[in-house]
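There are 2 protein chains.
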Amino acid sequence: MGHRLGDVSAPARLAAPDEGIGPDELALATRNHGLPLEALRHDLTPPGLHYVLTHYDIPYIPDATAWQLTLGGLVRRPLRLDLAGLRAFPQVTTRVTLECAGNGRALLTPRPVSQPWLVEAVGTAEWTGVPLRLLLAEAGIEPGAVDVVFTGADHGVERGVEQDYQRSLSVEDATGGEPEVLVAYAMNGAPLPPQHGHPLRLVVPGWYGMAHVKWLRDVSVVDEPFTGFQQTVAYRLRERPEDPGEPVTRIAPRALLLPPGFPDFMSRTRVVRPGEVPLEGRAWSGRAPVTRVEVSADAGHTWHETVLEPDDGHRWAWRRWRLAWTATPGEHLLSVRATDAEGHSQPLDQSWNRGGFAGNLVQRVPVLCLDVDAPA
Amino acid sequence: MGHRLGDVSAPARLAAPDEGIGPDELALATRNHGLPLEALRHDLTPPGLHYVLTHYDIPYIPDATAWQLTLGGLVRRPLRLDLAGLRAFPQVTTRVTLECAGNGRALLTPRPVSQPWLVEAVGTAEWTGVPLRLLLAEAGIEPGAVDVVFTGADHGVERGVEQDYQRSLSVEDATGGEPEVLVAYAMNGAPLPPQHGHPLRLVVPGWYGMAHVKWLRDVSVVDEPFTGFQQTVAYRLRERPEDPGEPVTRIAPRALLLPPGFPDFMSRTRVVRPGEVPLEGRAWSGRAPVTRVEVSADAGHTWHETVLEPDDGHRWAWRRWRLAWTATPGEHLLSVRATDAEGHSQPLDQSWNRGGFAGNLVQRVPVLCLDVDAPA
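Those protein sequence lines, which keep their order, are chains A and B.
Per my numbering, the very first residue in the first sequence carries number 289; after that it's consecutive.
Per my numbering, the very first residue in the second sequence carries number 289; after that it's consecutive.
Shown next as structure tokens:
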């Protein structure tokens, strides 16, 4: 008759065939939010339009000056730094496209029951902070170090496990230069908003969002592989519950289309009028630079190469692509797919795993082109 | 065989018994978002945490200096004003709690199919702008004026009707002082974010969100009652489709509880440990000042009066309330309800209308209090 943590958690599960989104998924969907796709027009996503996924509660940190980051474990000189102390280190700004590892989950069959993203769990911002490798060099990593563990201030329970949110990187990834990991204190030139980790977060360019630990309060160097919940239970690519699975790491290539014309409120179907319709959108990959974006206006039967704009030195950010499309009256299904320099491309049919992670199925946008004489 | 607007719109409908949230409702839920309830701690909701509901697309307005507001119709001197012109008028700042008229819709049985809000479609901000009555006085309303119509730049189709978003107020409401309607160009001291109407929106303190027209581009004084879609088809309180219904206007009283303890990721159930648990939250009403907030820890059987903090002169904003609760091991259902000076209170059982508007059913927050010896 005890009252224990396990009582509030249900096991991970898949939705039954034709099971609609349930109350638990809806509660997540009303808290978290995606990028409204029309915001793909902005090079940098304005605050409030960038996707947000919070596992537990957003911590309330009214006084950022009191925040302290500890860096310890297997180091010669443990550090304790406030924001002023962090600002004394060299400052780097990196433009990063951040995507949730669960983006696309709600389109899967069967659907893993969790935050029900469609395609919009993405955003691009400029993050400013200290390269993590400089902090680790200052502390001095001791021989035998294996992983670097990052702890956030967000606290909750997940499948019966009470925890502060924690993730790790290998020492190699944590100290590498490609990408260079940041301990960031600014987003688009302003202090971090509460929902993006105020006052401090990790930024791991090219990696899915789960690696970018928010409300970062501790960095610990450890001498064996980190086995925390978010590393070994969640965020694994597995087909069956008992599989150990592969870790979720870098972002697979994806392109999104800024839906043309105007929408119906409820169906979100797009409406255009006959004639040339400029199409544009963004494409990104955390694995290798995007080299090609194609559009199909006939549900994937034929594909047209788009014009891909230069990255202007922003390797870790999305690139804009453009194509003029001539719309004729009738129903059309627009699709877009990206390919990166390593030859990774987006599938036309879903790949599937139990967590609904790292999917990059091509986006499909239904468009109705009105008759020429349709009433304005 | 024509391709017409009506093809993209489905009629308004109610969900079948036990019908889960569908793809169309989910598409709205991933675009729009509520206030994560832990953000009730903030007097002013930080950008990105305030609720957002956009009917169509968020217009892309890269150059606010080119924006023009026209004010015409039944006036002696039509006006055309840019932001600089508006700033030349006296400036007022008002703290306003804004709530979506559809808040609570997804909890109704049967569920009206639309944006599926639970309880979180709310936020509080300080809006700065010009009192609308000063602009109307400058233009000079002619005799015979009945309504003032507000047109936004957001364009879409809804139930087959292509439209710019439009709403009206009576001349009396538009020129009144209680509340004083604003044409606002700043939110919390900064230019409006894109999703909140950049560069200009209407603010009608005490009214549900549909009245606060965003991306405001035109104000027109008319000599007969406005019959636009959002005034006479949507946003009506009706039991049957054929009823004309009553208009949705001012915000009914509501209190929300900042969920105590910490959450389970998926169920959002709250976990606390035995002992005193400080409870707090906010309460508001657009009808009359909130005079009383009560909390129940036993699913509504008994109620305890909370301490309601003063409004500090912010009549149109939420007020904080507090109560210390002693948690004992076991499952608890916390509820909170507000009463205003006109005696309006929150119902324990749902009221219902086909649009799911203006509901204010009491919030219910399941909490598990662990045993004293439960593992940390």
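By construction, the Cβ of each residue, glycine as well, lies at the ideal position given by its N, Cα and C atoms.
Computed from a prediction, not measured in an experiment: that's the story for all the values here.
So, is the C-beta of residue i closer than 8 Å to a C-beta in chain B?
{"i": "residue 405 of chain A", "result": "yes"}
{"i": "residue 550 of chain A", "result": "yes"}
{"i": "residue 645 of chain A", "result": "no"}
{"i": "residue 331 of chain A", "result": "no"}
{"i": "residue 307 of chain A", "result": "yes"}
{"i": "residue 326 of chain A", "result": "yes"}
Alpha carbon to alpha carbon, what distance is there between residue j and residue i?
{"i": "residue 605 of chain B", "j": "residue 522 of chain B", "result": "26 Å"}
{"i": "residue 353 of chain A", "j": "residue 535 of chain A", "result": "35 Å"}
{"i": "residue 652 of chain B", "j": "residue 409 of chain B", "result": "16 Å"}
{"i": "residue 582 of chain A", "j": "residue 589 of chain A", "result": "12 Å"}
{"i": "residue 650 of chain B", "j": "residue 622 of chain B", "result": "10 Å"}
{"i": "residue 368 of chain A", "j": "residue 479 of chain A", "result": "20 Å"}
{"i": "residue 562 of chain A", "j": "residue 657 of chain A", "result": "6 Å"}
{"i": "residue 304 of chain A", "j": "residue 315 of chain A", "result": "19 Å"}
{"i": "residue 324 of chain B", "j": "residue 661 of chain A", "result": "46 Å"}
{"i": "residue 571 of chain B", "j": "residue 599 of chain B", "result": "11 Å"}
{"i": "residue 391 of chain B", "j": "residue 339 of chain B", "result": "10 Å"}
{"i": "residue 474 of chain B", "j": "residue 487 of chain B", "result": "8 Å"}
{"i": "residue 533 of chain A", "j": "residue 645 of chain A", "result": "12 Å"}
{"i": "residue 467 of chain A", "j": "residue 358 of chain B", "result": "50 Å"}
{"i": "residue 477 of chain B", "j": "residue 539 of chain A", "result": "37 Å"}
{"i": "residue 355 of chain B", "j": "residue 371 of chain A", "result": "39 Å"}
{"i": "residue 664 of chain B", "j": "residue 450 of chain A", "result": "A caution first: residue 664 of chain B carries a pLDDT of 49, below 50, which makes its placement in the model unreliable, though a value can still be read off. Distance between the alpha carbons of residue 664 of chain B and residue 450 of chain A is about 7 Å."}
{"i": "residue 341 of chain A", "j": "residue 426 of chain B", "result": "47 Å"}
{"i": "residue 513 of chain B", "j": "residue 439 of chain B", "result": "15 Å"}
Are residue i and residue j closer than 8 Å when you measure CB to CB?
{"i": "residue 403 of chain A", "j": "residue 453 of chain A", "result": "no"}
{"i": "residue 462 of chain B", "j": "residue 420 of chain B", "result": "yes"}
{"i": "residue 511 of chain A", "j": "residue 445 of chain A", "result": "no"}
{"i": "residue 377 of chain A", "j": "residue 418 of chain A", "result": "yes"}
{"i": "residue 619 of chain B", "j": "residue 654 of chain B", "result": "yes"}
{"i": "residue 374 of chain B", "j": "residue 471 of chain B", "result": "yes"}
{"i": "residue 318 of chain B", "j": "residue 406 of chain A", "result": "yes"}
{"i": "residue 502 of chain A", "j": "residue 485 of chain A", "result": "yes"}
{"i": "residue 700 of chain B", "j": "residue 429 of chain B", "result": "Because residue 700 of chain B is not part of the residues shown, which for chain B are 289 to 664, the question remains open."}
{"i": "residue 569 of chain B", "j": "residue 587 of chain B", "result": "no"}
{"i": "residue 263 of chain B", "j": "residue 634 of chain B", "result": "Nothing about residue 263 of chain B can be read from this structure; chain B reaches only from 289 to 664."}
{"i": "residue 347 of chain B", "j": "residue 442 of chain B", "result": "yes"}
{"i": "residue 659 of chain A", "j": "residue 290 of chain B", "result": "yes"}
Between the options, which has its C-alpha nearest residue i's C-alpha?
{"i": "residue 491 of chain B", "options": "B:424, B:413 and B:563", "result": "B:413"}
{"i": "residue 526 of chain A", "options": "A:318, A:341, A:640 and A:339", "result": "A:640"}
{"i": "residue 345 of chain A", "options": "B:350, B:329, B:340 and B:351", "result": "B:329"}
{"i": "residue 386 of chain B", "options": "B:514, B:395 and B:497", "result": "B:497"}
{"i": "residue 335 of chain A", "options": "B:481, B:342, B:591 and B:547", "result": "B:481"}
{"i": "residue 595 of chain A", "options": "A:584, A:624 and A:610", "result": "A:610"}
{"i": "residue 643 of chain B", "options": "B:516, B:564, B:520 and B:549", "result": "B:520"}
{"i": "residue 616 of chain B", "options": "B:632, B:585 and B:635", "result": "B:585"}
{"i": "residue 332 of chain B", "options": "B:626, B:607, B:309 and B:565", "result": "B:607"}
{"i": "residue 343 of chain A", "options": "B:309, B:555 and B:401", "result": "B:555"}
{"i": "residue 311 of chain B", "options": "B:473, B:634 and B:401", "result": "B:401"}
{"i": "residue 337 of chain B", "options": "B:349, B:321 and B:350", "result": "B:321"}
{"i": "residue 422 of chain B", "options": "B:566, B:587 and B:465", "result": "B:465"}
{"i": "residue 399 of chain A", "options": "A:347, A:313 and A:424", "result": "A:313"}
{"i": "residue 530 of chain B", "options": "B:300, B:291, B:290 and B:292", "result": "B:300"}
{"i": "residue 397 of chain A", "options": "A:306, A:564 and A:431", "result": "A:306"}
Take residue i and list the residues in its own chain whose beta-carbon comes closer than 7 Å to its own, dropping the five residues that flank it on each side.
{"i": "residue 383 of chain B", "result": "412, 414, 602, 604 and 605"}
{"i": "residue 297 of chain A", "result": "445, 446, 447 and 448"}
{"i": "residue 360 of chain A", "result": "366 and 508"}
I'd like to know whether the C-beta of residue i is nearer than 8 Å to at least one C-beta of chain A.
{"i": "residue 342 of chain B", "result": "yes"}
{"i": "residue 517 of chain B", "result": "no"}
{"i": "residue 556 of chain B", "result": "yes"}
{"i": "residue 664 of chain B", "result": "Bear in mind that a pLDDT of 49 at residue 664 of chain B, under 50, signals an unreliable position, so the number given afterwards is only what the model happens to contain. With 8 Å as the cut-off, residue 664 of chain B counts as an interface residue toward chain A."}
{"i": "residue 559 of chain B", "result": "yes"}
{"i": "residue 318 of chain B", "result": "yes"}
{"i": "residue 446 of chain B", "result": "yes"}
{"i": "residue 499 of chain B", "result": "no"}
{"i": "residue 346 of chain B", "result": "yes"}
What does a CB cutoff of less than 6 Å around residue i pick up in its chain, not counting 5 residues either side in sequence?
{"i": "residue 573 of chain B", "result": "541 and 628"}
{"i": "residue 576 of chain B", "result": "628, 629 and 630"}
{"i": "residue 547 of chain A", "result": "325, 558 and 653"}
For residue i, which residues from the same chain have a beta carbon less than 8 Å from its beta carbon, with the 5 sequence-adjacent residues on both sides left out?
{"i": "residue 499 of chain A", "result": "455, 457, 490, 492 and 537"}
{"i": "residue 551 of chain A", "result": "557, 558 and 559"}
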